[in-house]
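Asks: One structure is given below, represented as structure tokens, and several questions about it will come after.
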Amino acid sequence: QQPVQSPQAVILREGEDAVINCSSSKALYSVHWYRQKHGEAPVFLMILLKGGEQKGHEKISASFNEKKQQSSLYLTASQLSYSGTYFCGTAGSTGNQFYFGTGTSLTVIP
Amino acid sequence: DAMVIQNPRYQVTQFGKPVTLSCSQTLNHNVMYWYQQKSSQAPKLLFHYYDKDFNNEADTPDNFQSRRPNTSFCFLDIRSPGLGDAAMYLCATRRTPTAPNTEAFFGQGTRLTVV
């Protein structure tokens with residue numbers, strides 16, 4: 003049930019862009035994106051629903067392709083504060099369960 | 005205002021000694037989740053409640069139990085903690101699952117150490 007994310011880890015310099023991918027073997031009804039800093043709880047970024055939706059949150063945006071069962075998170079002009087581990091999250095087939103993807107560690111350096 | 009509160013933030017327990025972690029919410033959400041997160045890993049769903057309906061994940065060890073006496077509170081009981089149970093335990097809530105586009109709200113987590 004767990005979605006797979008790629009890459010596992012990425013290191014960026016401030017101002018560079020990154021793309022994080024989330025792929026599921028099962029049908030996706032919605033995709034959530036969260037960022038977690040070390041020792042803290044995950045922080046909600048955005049939700050995408052069906053229909054090829056795209057959303058933006060400051061310089062962070064995402065897309066959702068339900069046919070391919072994939073979502074991508076786009077980080078542009080990265081800032082030091084973007085460092086952390088990014089997780090996609092998906093609801094199970096009944097809508098009750100909520101599973102996290104494998105995670106992508108993002109480090110932004112000066 | 006804190007909406008999902010976990011207590012305690014840090015818990016040290018002895019090998020084999022039962023321990024209970026608690027979670028409370030002020031959001032009146034139907035669904036509550038417990039996750040286990042080990043170092044450098046993704047949170048792993050242990051079980052969830054939809055109202056009082058308990059749903060266990062197939063690979064959750066029997067050593068882990070849960071109680072939800074009312075909408076606001078949920079407890080995670082570890083009957084005989086082993087060294088491998090040391091982890092961060094996260095509680096989360098969501099509104100009714102008929103609204104799949106709703107975000108999950110997390111508590112700050114309880115860091116469990118087993119000695």
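From first to last, the protein sequence lines are chains A and B.
Under my numbering, the first residue of the first sequence is numbered 3, with each subsequent residue one higher.
Under my numbering, the first residue of the second sequence is numbered 5, with each subsequent residue one higher.
For every residue, glycine included, the Cβ atom is placed at its ideal position computed from N, Cα and C.
Compare the beta carbon distance of Q40(B) and A108(B) with 8 Å and say whether it is the shorter of the two.
Replies: Contact flag unset, no.
Asks: Tell me, please, whether the CB atom of Q10(A) is closer than 8 Å to any CB atom in chain B?
Replies: Answer no: the Cβ-Cβ gap between Q10(A) and chain B never drops below 8 Å.
Asks: Please list the partners that F66(A) has in chain D, where partner means a Cβ-to-Cβ separation under 8 Å.
Replies: Absent from the structure is chain D; the protein chains it does hold are A and B.
Asks: Among the residues of its own chain, which have a CB less than 6 Å from the CB of Y76(A), if the five just before and after it don't count?
Replies: Excluding sequence neighbours, Y76(A) sits near V21 and S63.
Asks: With DSSP as the reference, label S83(A) as helix, strand or coil.
Replies: If DSSP states are grouped into helix, strand and coil, S83(A) belongs with the helices.
Asks: Which residues does DSSP pair with S26(A) in a beta bridge?
Replies: Answer is none; S26(A) lacks a bridge partner.
Asks: Would you check if there are 3 or more beta carbon pairs closer than 8 Å linking the stretch 99 to 109 of chain A to the stretch 49 to 62 of chain B?
Replies: The answer is yes - the stretch 49 to 62 of chain B touches the stretch 99 to 109 of chain A, with three or more Cβ pairs under 8 Å.
Asks: Between G105(A) and A46(B), which are expected to be in contact by the criterion C-beta below 8 Å, what is the C-beta distance as a whole number of angstroms?
Replies: The pair is a contact, with the Cβ atoms about 5 Å apart (cut-off 8 Å).
Asks: Where do the ends of the beta strand (DSSP E) carrying V8(B) lie?
Replies: Looking at the DSSP string, the run of the beta strand (DSSP E) that includes V8(B) is V8 to N11.
Asks: Between Q40(B) and chain A, is any beta-carbon pair separated by less than 8 Å?
Replies: So no, Q40(B) is outside the interface.
Asks: Could you tell me the distance, in whole angstroms, from the CA atom of K61(A) to the CA atom of T30(B)?
Replies: One C-alpha to the other measures close to 31 Å.
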